[in-house]
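In my numbering, the protein residues as written are 129 to 247.
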């Protein structure tokens, strides 16, 4: 059984496709190198320039208010756990901006600000 997968290259790296065509007998070696190069490019964090307000809006934009949170979750425990999970993930991925995000969270959802003390 054959397996297919797609490997996309950014603009300006089309020459890699030509190299692959030239090295068809050793295509797997080429793909290993291409994947390593692609992963090396992706390891550079590109979070610079994203403000804490943008991150907060992305993570919590769907939760309009405390009243809305009370409507969509069956009880306070599940709401607190869901918010805590989002905050934990945000803290893990945006450590340097988490202080500002926590302030925005406490301002928008004061009833759930106690969650921040647990983190």
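All C-beta atoms in this analysis are idealised placements derived from N, C-alpha and C, irrespective of residue type, glycine included.
Along the chain, where does the alpha helix (DSSP H) that runs through residue 249 open and close? Outside the displayed range of the chain (129 to 247) lies residue 249, so it cannot be described from this structure.
Touching by the beta-carbon criterion (3+ pairs, under 8 Å), the segment 226 to 237 and the segment 176 to 184: yes
Measure the CB-CB distance between residue 243 and residue 191 and report whether it falls below 8 Å. no
Near residue 222, what residues of its chain come up, given a Cβ to Cβ distance below 6 Å and the 5 sequence neighbours on each side ignored? 183
C-alpha gap between residue 195 and residue 203, whole angstroms: 12 Å
Is the beta carbon of residue 208 less than 8 Å from the beta carbon of residue 240? yes
For residue 189, which of helix, strand or coil comes out of DSSP? coil
Alpha helix (DSSP H) segment containing residue 140, residue limits: It is not in any alpha helix (DSSP H) - residue 140 carries neither H nor E in the DSSP assignment.
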